[in-house]
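> Quick one: the structure is below, and I'll ask about it shortly.
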Amino acid sequence: MIFTFLGTGAGMPAKERNVTSLALGFPEYDGELWLFDCGEGTQRQILYTSVKLTKLSVIFITHMHGDHLFGLPGILGSRSFQGAVTPLTLIGPSGLKSYVETSLRLSGTHLHYPIIIREIETEGKVFENTHFTVYAGELDHGVKSYGYRVLEKDQPGELLVNKLLALNIKPGPIYKEIKEKKQVKLSNGQIIDTAPFIGGKRKGRCITVLGDTRPCAMAAELAQSANVLIHEATFDGQSSRLAHDYHHSTSVQAAEIARKSGVETLILSHLSSRYQKKEQNALLREAKAVFNHTYLAHDFWMFELKRPSRM
Ligand SMILES: [Zn+2]
Ligand SMILES: [Zn+2]
191 MIFTFLGTGA GMPAKERNVT SLALGFPEYD GELWLFDCGE GTQRQILYTS VKLTKLSVIF
251 ITHMHGDHLF GLPGILGSRS FQGAVTPLTL IGPSGLKSYV ETSLRLSGTH LHYPIIIREI
311 ETEGKVFENT HFTVYAGELD HGVKSYGYRV LEKDQPGELL VNKLLALNIK PGPIYKEIKE
371 KKQVKLSNGQ IIDTAPFIGG KRKGRCITVL GDTRPCAMAA ELAQSANVLI HEATFDGQSS
431 RLAHDYHHST SVQAAEIARK SGVETLILSH LSSRYQKKEQ NALLREAKAV FNHTYLAHDF
491 WMFELKRPSR M
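Here the numbering used here is used: the first residue of the sequence shown is 191, the next is one more, and so on.
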């Protein structure tokens with residue numbers, strides 16, 4: 191899976207960082223694409239990347255603040271202009287449905303594809319498809335702000351065809367049975383255990399994308415043992431008072447959550463425009479002092495999380 195950071199700033203657009211949006215692409219699954227948040231100008235940011243709106247199938251909104259939301263109606267319209275006809279699912283807090291429907295209605299925007307809008311009512315499972323299950327939990331941001339934990343399903347092992355052929359078990363319906371059952375009966379009446387003919391399974395990956403938040407127990411829970419955690423870092427380590435007052439986190443607090451939850455990689459995003467390049471480096475440095483495997487995202491940066499090898 192490939193993360194493309196479309197906007198990594200907080201509050202309002204700055205020259206260097208647009209407001210928040212993150213594309214998550216799955217080249218391993220037909221190039222399917224998801225979006226997490228959609229700040230104003232996201233569709234313009236997309237023009238500078240290889241992200242294709244026609245491939246977009248799900249948009250997760252973490253919360254209803256404008257820097258995470260105001261780009262949404264434009265994206266929906268442009269996806270239609272570009273000829274998309276496949277359904278698009280939108281998932282987010284209550285109010286999302288009325289925001290989207292009102293924007294589309296008042297602007298006379300007609301979509302040539304169906305949209306499914308799911309407002310989250312309770313924490314827990316909010317989405318599932320063939321390959322992934324997504325869970326949402328409520329964070330601490332003054333307004334309803336969700337974090338999403340994306341869990342890839344484990345992939346069963348492949349059939350070891352050469353081993354079967356060596357025993358003169360030829361391809362046919364029996365192969366399907368061997369994949370699905372613990373024991374099968376061959377045409378000669380012999381009963382065999384199937385386990386030796388199935389390769390190692392591949393463990394699913396886990397990524398966590400959090401909305402804006404103060405440090406909280408749910409953040410750590412959603413991030414538990416994740417391969418990648420995307421966490422806001424609106425403020426630097428010295429500004430924990432400010433961060434608390436505005437319901438945000440410092441880069442050091444993000445790193446503490448990463449350490450506590452045993453993640454593999456932490457990526458910091460959602461930086462206040464008050465920090466210039468030099469200060470941004472300091473913000474990363476102080477996070478790394480707490481959790482070393484930390485990156486600081488910038489607009490258009492791409493990060494790849496490879497599939498683990500089979501067990
Ligand atoms: Zn924000
Ligand atoms: Zn916010």
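Even glycine gets a Cβ: it sits at the ideal position worked out from N, Cα and C. Values in this document were obtained by computation on a predicted structure and should not be read as measured data.
Where are the alpha helix (DSSP H) runs, 4 residues long or more, that stay fully inside the region 393-437, in chain order?
Entirely contained in the region 393-437, the alpha helix (DSSP H) runs reaching 4 residues are, in chain order, 407-413 and 430-435.
> When you compare only the Cα positions, how much space is there between residue 199 and residue 469?
For residue 199 and residue 469, the distance between alpha carbons rounds to 14 Å.
> Taking contact to mean at least 3 C-beta pairs separated by less than 8 Å, is the region 316-332 in contact with the region 393-412?
With a cut-off of 8 Å, the region 393-412 and the region 316-332 count as touching, because enough Cβ pairs lie within range.
> Could you tell me the alpha carbon to alpha carbon distance between residue 269 and residue 302, rounded to whole angstroms?
Approximately 9 Å, taken between the alpha carbons.
> Taking 8 Å as the cut-off, is the C-beta of residue 401 nearer than that to any heavy atom in ligand 2?
The answer is yes for residue 401.
> Does residue 459 come out as helix, strand or coil in the three-state DSSP assignment?
If DSSP states are grouped into helix, strand and coil, residue 459 belongs with the strands.
> At 4 residues or longer, what runs of the alpha helix (DSSP H) sit wholly inside the region 357-393?
The qualifying runs are 363-370.
> Look at residue 474 and residue 458 and say whether their C-beta atoms are less than 9 Å apart.
In contact: residue 474 and residue 458 (Cβ atoms closer than 9 Å).
> Of the choices 212, 453 and 343, whose alpha-carbon is the least far from that of residue 192?
It is 212.
> For a test of the three-state rule: what should DSSP assign to residue 266, helix, strand or coil?
DSSP places residue 266 in helix when its eight states are reduced to three.
> I need the DSSP call for residue 442, collapsed to helix, strand or coil.
In this structure, residue 442 counts as helix in the three-state DSSP scheme.
> Give the straight-line distance between the Cα atoms of residue 464 and residue 234, rounded to the nearest whole angstrom.
Using only the alpha carbons, I get a separation of about 23 Å.
> Could you please give the first and the last residue of the uninterrupted beta strand (DSSP E) stretch that includes residue 249?
Note, residue 249: beta strand (DSSP E), 246-250.
> Just checking my contact of residue 223 with residue 246 at CB under 8 Å: how many whole Å lie between their CB atoms?
Right, the Cβ-Cβ distance comes to about 5 Å (below 8 Å), so this counts as a contact.
> Would DSSP call residue 331 helix, strand or coil?
Strand.
> Rounded to the nearest angstrom, what separates residue 230 and residue 273 at their Cα positions?
Answer to the nearest angstrom: the Cα atoms are 22 Å apart.
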